[in-house]
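Comments concern the structure below.
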Amino acid sequence: MSFITSLLNSAFDYFYILFHTLPRDLKGIYCLLALKYYVLKSNYFNFTISKYFEQNYKKHPEKVALICDDRKWTFKHVEQFSNQVANYFSEQGLKAGDEVALFMPSRAEFAMIFLALTKIGVVTAFINENLRLDSLIHSISCIPAKAVIFDAEFEEAISEVYQSLSEKRKLALYCYGALKNSSLNASNIKEKMREQRDDLVKSKHSGNFSDVACYVYTSGTTGLPKASIIRHSRYIMFSFLKKTVLKLNENDVTYIAMPLYHTLGGIVCVGSTLITGQTLVIRRKFSASNFWEDCLKYKCTNVGYIGEVCRYILDQPPKETDKLHTVRKMFGAGLRPTIWRTFVERFHIESIFECYGSTEGNASIG
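Quick note on full-length UniProt numbering: the sequence shown kicks off at 1 and runs consecutively.
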């Protein structure tokens, strides 16, 4: 009798757990199958980042693609800007397979220059804008870069390391903006690109799904940063992962105040525009006091976060904007379990997706 009772109790426990976890498991299976579909489809049609963007541009050219510093770029503007940059660098001799270092702040131009380089098959290394001296030298020289593209505000940082870099290999310098130091021989992209056609790319590279698209560096916690290879396939997969798990569509607006040289900003969020056609709002520096005001102003529906960002937001005094915004979903890593429920209830967040992995790893946990 005790055996039968034990068996019935075990069966009850099994079905009780199954009943409560089945919705979660079915959702997980759906997300996995949907993601597999997008990846297999992309592989079959040999899609690349620039090919996906071309589709989105043709579908809705007048839709806003990027918002940064209160300036808006439509998909048409992004297409024209990236075509001009691509044509300029093609004239400079950069070709498919070449590698360049991109040393720029987290602004719309970062995303558009990266897109431009993918159009001609050039591989971009996302350099941490906070690096200086030896760390900067290492990050640029650890890849066979033929050029460094940097923003005018980083002129001093490049001046400090250029001699050391030039001793290792010949490097061309391209500055986005006017230089103040005439001793640094760098072409002004912002000026030169205006001379180029914006309606087509003269040396367009068709590319392959398996080609290398960019390098994203590890955090350098246990040593110097290491350049992790990100292929078009992985970039596309990460972009569709966000869309699939959060059930987003092209009408959603993403907000990111995290660095674009990291995976979350430069791939997952920028990819939501380039690959899946959503609008992306970029804030260069995170501001806890202006966070919800930004989200309300731009009608953002989802937000990317890392580290202690959520705690900083929660520490702000209560405001009307805490619940007036349209943000319903958040994604990232580092939200403490101790504040999770408080955060969700105070700000009326529908769901939060946490994902753990490494830049150089092959698997993630969500």
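Glycine is no exception: its CB is placed at the ideal position from the N, C-alpha and C atoms.
Give the DSSP-derived three-state secondary structure of residue 294 in the structure shown.
-> helix
Neighbourhood of residue 334 by C-beta distance below 7 angstroms, restricted to the same chain and skipping five residues each side | 306, 307 and 308
Selected residue, minimal CA-CA separation from residue 213, among 121, 203, 5 and 285 | 121
Nearest neighbour of residue 300, chosen from 288, 316 and 279 [CA to CA] = Selected option, being the one with the closest Cα: 279.
Quick one, are the C-beta atoms of residue 264 and residue 220 less than 7 angstroms apart?
-> Going by C-beta atoms, residue 264 is not nearer than 7 angstroms to residue 220.
Kindly indicate the opening and closing residues of the beta strand (DSSP E) around residue 175.
-> 172 to 176
Given a threshold of 16 other Cβ atoms within 10 Å of its Cβ, counted over all protein chains shown, does residue 170 qualify as buried or as exposed?
-> exposed
Beta carbon of residue 255 nearer than 7 angstroms to that of residue 288 = no
Alpha carbon to alpha carbon, how far is residue 10 from residue 229?
-> Answer to the nearest angstrom: the Cα atoms are 48 angstroms apart.
Using three-state DSSP, classify residue 326 as helix, strand or coil.
-> DSSP, read as helix, strand or coil, puts residue 326 in coil.
In its own chain, which residues sit with a C-beta less than 7 angstroms from the C-beta of residue 56, not counting the 5 before and 5 after it?
-> 75 and 277
Is residue 106 closer than 7 angstroms to residue 284 when the C-beta atoms are compared?
-> yes
Is there contact here, the segment 69 to 88 with the segment 186 to 200, by at least three beta-carbon pairs under 8 angstroms?
-> yes
Let me know the secondary structure DSSP gives residue 254 once reduced to three states.
-> strand
Classify residue 119 as buried or exposed, calling it buried when 16 or more other Cβ atoms lie within 10 Å of its own Cβ.
-> So residue 119 ends up on the buried side.
Three-state secondary structure (DSSP) of residue 166 | helix
Starting from residue 43, follow its DSSP beta bridges and name the residues at the other end.
-> Note: residue 43 sits in no beta bridge, so no partner.
Rounded distance between the beta-carbons of residue 172 and residue 204, thought under 8 angstroms | That belief does not hold up - the Cβ atoms of residue 204 and residue 172 are roughly 21 angstroms apart, past 8 angstroms.
If you scan the segment 223 to 281 from start to end, which runs of the beta strand (DSSP E) of 3 or more residues do you find wholly inside it?
-> 227 to 231 and 253 to 256
Can you grab the Cα-Cα spacing for the pair residue 126 / residue 104, in whole Å?
-> 8 angstroms
Please name the residue or residues paired with residue 302 in a DSSP beta bridge.
-> 254 and 329
So residue 186 is in the beta strand (DSSP E); what residue range does that whole segment cover?
-> Where residue 186 is concerned, there is no enclosing beta strand (DSSP E), given that its DSSP letter is neither H nor E.
Residues near residue 343 by beta carbon distance below 6 angstroms, same chain, minus five either side | 310 and 314
Is residue 342 helix, strand or coil by DSSP?
-> helix
Just to confirm, are residue 138 and residue 224 a CB contact at a threshold of 7 angstroms?
-> yes
According to DSSP, residues forming a beta bridge with residue 351 | Note: residue 351 sits in a beta bridge opposite 329.
Does the Cβ of residue 243 have 16 or more other Cβ atoms within 10 Å, making it buried, or fewer, making it exposed?
-> buried
Helix, strand or coil for residue 36 per DSSP?
-> Reduced to three states, the DSSP call for residue 36 is helix.
6 angstroms CB neighbourhood of residue 207 in its chain, flanking five on each side removed = 48 and 121
So the alpha helix (DSSP H) residue 91 belongs to, where does it begin and stop?
-> 75 to 91
Can you tell me whether DSSP reads residue 126 as helix, strand or coil?
-> strand
Please report how far the alpha carbon of residue 164 lies from the alpha carbon of residue 136, in whole angstroms.
-> 11 angstroms
When the Cα atoms are used, what is the spatial distance from residue 22 to residue 346?
-> 28 angstroms
With DSSP run on the structure shown, which of helix, strand or coil describes residue 71?
-> strand
Any idea what DSSP makes of residue 146, helix, strand or coil?
-> In this structure, DSSP gives residue 146 an extended state, which the three-state scheme calls strand.
How many Å lie between residue 152 and residue 318 at the Cα?
-> 39 angstroms
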